[in-house]
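One structure below.
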């Protein structure tokens, strides 16, 4: 009887289980989970109607040759040939007088980022504290505010410090970032993709 093929969700469960059982380990081989099924699920998770990046390609245009596009992207990721394109700059209102710059990746880069996120998320979810809410699945800013309110009420008052580190992602130390990441991930493919994606954050 042939062995039942693992789904993306069962692979993620295995990553999470290994991370939970080995809290001090740094994983050297997790990119092997990424295959065509994984890439397709990453594609499915990306918004198709979002703003286009510097190449102007929409989700619908990418879909015209979907499987060849995903296979080519997968091969470039696995071989180390993937180079994330620069991110298009756009501005959204920050308050009544200021605007905040945001970066818009190309559609393909969104798919590539999602594929790597799907590997890392189950791993790092095991490391986060339950009171961490930023950019986590199943958590939101409203839940964070509710938690903050409840904690303050239980303490019968507290100080709240609101900090905004200006241009943090423009100035973060790459060496320090690599050291932090390698505490849990030493897979060359995944590390390269994370740093490649971060470096491409230069906006034009």
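Residue numbers (the numbering used here): 324 to 527. Built from N, CA and C at the ideal position, the CB exists for glycine as well. None of the values given here were measured: they were computed from a predicted structure.
* Is it buried or exposed for residue 324, if we count other Cβ within 10 angstroms and need 16 for buried? -> A caution first: residue 324 carries a pLDDT of 46, below 50, which makes its placement in the model unreliable, though a value can still be read off. When all chains shown are included, residue 324 counts as exposed.
* Out of curiosity, what's the CA-to-CA distance linking residue 367 and residue 480? -> 45 Å
* Just the C-alpha distance for residue 456 and residue 471, rounded to the nearest angstrom, thanks. => 11 Å
* So what's residue 357 in DSSP terms, helix, strand or just coil? -> coil
* When DSSP builds the beta bridges, which residues end up paired with residue 413? -> 425
* To do: With a 10 Å radius around its C-beta and 16 neighbouring C-beta atoms as the bar for buried, classify residue 516 as buried or exposed.
  => buried
* **Bridge-paired residues (DSSP) for residue 508** => 350
* **Same chain only: Cβ atoms within 7 Å of residue 449, ignoring 5 sequence neighbours per side** => 339, 342 and 343
* Asked: Between residue 468 and residue 451, what straight-line distance do the alpha-carbon atoms span, to the nearest angstrom?
  -> 18 Å
* To do: Evaluate the contact criterion for the stretch 349–361 versus the stretch 501–515: three or more CB pairs, one atom per stretch, below 8 Å.
  => yes
* To do: Return helix, strand or coil for residue 345, following the three-state DSSP convention.
  => coil
* Asked: Once you ignore the five residues that flank residue 462 on each side, which residues in its own chain have a CB closer than 7 Å to its CB?
  -> 456
* Determine the DSSP secondary structure at residue 439, reduced to helix, strand or coil. => helix
* Evaluate residue 428 with the Cβ neighbour count: other Cβ atoms within 10 Å of its Cβ, from every protein chain shown; 16 or more gives buried, anything less gives exposed. => buried
* **Cutoff 8 Å; reference residue 417; Cβ partners in own chain excluding five residues on either side** => 423
* With DSSP run on the structure shown, which of helix, strand or coil describes residue 486? -> coil
* Taking all protein chains shown into account, decide if residue 407 is buried (16 or more other Cβ within 10 angstroms of its Cβ) or exposed. => buried
* **Under the three-state DSSP convention, the category residue 376 falls into** => coil
* Going by other Cβ atoms of all chains shown within 10 Å of its Cβ, with 16 needed for buried, is residue 355 buried or exposed? -> exposed
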